[in-house]
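Scroll down for the structure; my scribbles are underneath it.
Residue numbers (our numbering), protein chains in the order written: chain H, 331 to 515; chain R, -12 to 176.
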């Protein structure tokens, strides 16, 4: 069997509350990163805030959440984090969330690589039936990356976001187990 | 769509820690009930202890791997038993624990009716691939009831139980999704 935790450029790694807390605080200073990551109001959390929150989350080891750090294979640098959240076990559907905080590694294939790793993890280890994600209209780089990883466009919530004085659409994308199996024969 | 919560003789209801503790105090005095239920030494504990235990379980809330119901008869609304499902989420397998504390409802089809509801819930709501259970070989009434509900005897752990100076076997049963679906279309268990 393949090592399902490793891709071509990156690997999934354990999260350490101290390390990732410090790093989250640093990544959070990049407001563009925050806007691409989620639709919340951009806030600044101190390293301590982030560490306390992470310690609590990681302590609980919830059965629904598969959450990893993303590390480069060549020098072990922490690039970002990715999580697979199984919101409905009966339907076996999970939301995936991905962020690369180190902006000099945007647009170089790291995100696509880690998405392929997490899809293999989701379909062959967690035995999911589908994986869903949401992405914002103003993030074409992410949209292209998700298309490359095998996601298909499924929906568009028009004008749901309000950033920089205009409205933007939110897109939903998904990939079914059969589609992934077909792509990874 | 079918009603998941009503069978021929019984219905499923939420587990209320107060109600359940009150009645469990009576059930546990019946040592035969305790011995049919599991392998723990028959034990009597206070209503308060039981209430705390059920409350603690209740506070854990709706976790995706545990589903607990109390059972009432349709006619008299009498609380007669319970069942619980524990789901191995990754492999889509559920384990069932089931019991009727009111012994005058033994051997009359109530248990089979409960198990049918339990399987419908597991296969059509939780969408699991198989349901598993274990029982004592000295409980032939349960064995027959589970077979009627569609379970097959899959294994036996020889002489794993010591009671009244005698060693008896443990039985393991299971039913697969395809088998249950075939039964819904008229196949015999």
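Ideal Cβ positions, reconstructed from N, Cα and C, are used throughout, including at glycine.
field: Within-8 Å CB hit, residue 79 of chain R to chain H
entry: yes
task: Would you check if the stretch 86 to 106 of chain R and the stretch 123 to 139 of chain R touch, i.e. whether three or more CB-CB distances between them fall below 8 Å?
output: yes
message: Taking contact to mean 3 or more Cβ pairs, one atom from each stretch, closer than 8 Å, check whether the stretch 372 to 382 of chain H and the stretch 346 to 360 of chain H are in contact.
response: yes
- prompt: Apart from the five residues just before and just after residue 416 of chain H, which ones in its own chain have a Cβ nearer than 6 Å to its Cβ?
  reply: 394 and 424
- prompt: Which same chain residues, not among the five before or five after residue 338 of chain H, have their C-beta less than 6 Å away from its C-beta?
  reply: 443
query: If you count every other CB in all the chains shown that lies within 10 Å of the CB of residue 143 of chain R, and 16 or more means buried, which is it?
result: exposed
field: Residues that residue 420 of chain H contacts on chain R, provided the C-beta gap is smaller than 8 Å
entry: 112, 113 and 114
- prompt: Is DSSP giving residue 375 of chain H helix, strand or coil here?
  reply: coil
task: Return helix, strand or coil for residue -1 of chain R, following the three-state DSSP convention.
output: strand
message: Considering only the alpha carbon of each residue, which of H/413, H/388, H/473 and H/386 lies closest to residue 398 of chain H?
response: H/413
- prompt: DSSP state of residue 493 of chain H, grouped into three classes?
  reply: strand
message: So residue 457 of chain H contacts chain R; which residues on that side make the cut at Cβ distance below 8 Å?
response: 77, 78 and 79
- request: In angstroms with no decimal places, state the Cα-to-Cα distance between residue 504 of chain H and residue 429 of chain H.
  value: 18 Å
- request: Report the three-state DSSP secondary structure of residue 357 of chain H (helix, strand or coil).
  value: helix
message: Quick check: what's the CA-CA separation for residue 115 of chain R versus residue 109 of chain R?
response: 6 Å
query: Roughly how many angstroms separate the alpha carbons of residue 20 of chain R and residue 13 of chain R, rounded to a whole number?
result: 11 Å
field: Beta-carbon gap between residue 507 of chain H and residue 453 of chain H smaller than 8 Å
entry: yes
query: Would you call the CB atoms of residue 72 of chain R and residue 113 of chain R closer than 8 Å?
result: yes
field: Within chain R, partners of residue 394 of chain H - CB distance below 9 Å
entry: 51 and 76
query: Can you name the residues that DSSP bridges to residue 135 of chain R?
result: Partner(s): none; residue 135 of chain R has no beta bridge.
- request: From the DSSP output, in three-state form, read off residue 71 of chain R for me.
  value: strand
- request: Can you grab the Cα-Cα spacing for the pair residue 167 of chain R / residue 372 of chain H, in whole Å?
  value: 51 Å
message: Taking a contact to mean a Cβ-Cβ separation below 8 Å, would you say residue 463 of chain H touches residue 486 of chain H in this structure?
response: no
- prompt: Residues in its own chain within less than 7 Å of residue 358 of chain H by CB, not counting five upstream and five downstream?
  reply: 364, 374 and 375
task: Could you pull the start and end residues of the alpha helix (DSSP H) that residue 8 of chain R belongs to?
output: 4 to 14
message: Considering only their Cβ atoms, is the gap separating residue 59 of chain R from residue -3 of chain R smaller than 8 Å?
response: yes
message: Tell me the rounded alpha-carbon separation between residue 132 of chain R and residue 96 of chain R.
response: 8 Å
- request: Would you please state the rounded distance, in angstroms, between the beta carbons of residue 340 of chain H and residue 409 of chain H? I believe it to be under 8 Å.
  value: 7 Å
- prompt: To the nearest angstrom, how far is it from the Cα of residue 127 of chain R to the Cα of residue 65 of chain R?
  reply: 25 Å
query: Can you give, in chain order, each stretch of the beta strand (DSSP E) that sits fully within the stretch 73 to 154 of chain R and has at least 3 residues?
result: 80 to 87, 117 to 123 and 139 to 150
Backbone CA spacing between residue 177 of chain R and residue 23 of chain R [nearest angstrom]: This structure leaves residue 177 of chain R out entirely; chain R is present only between -12 and 176.
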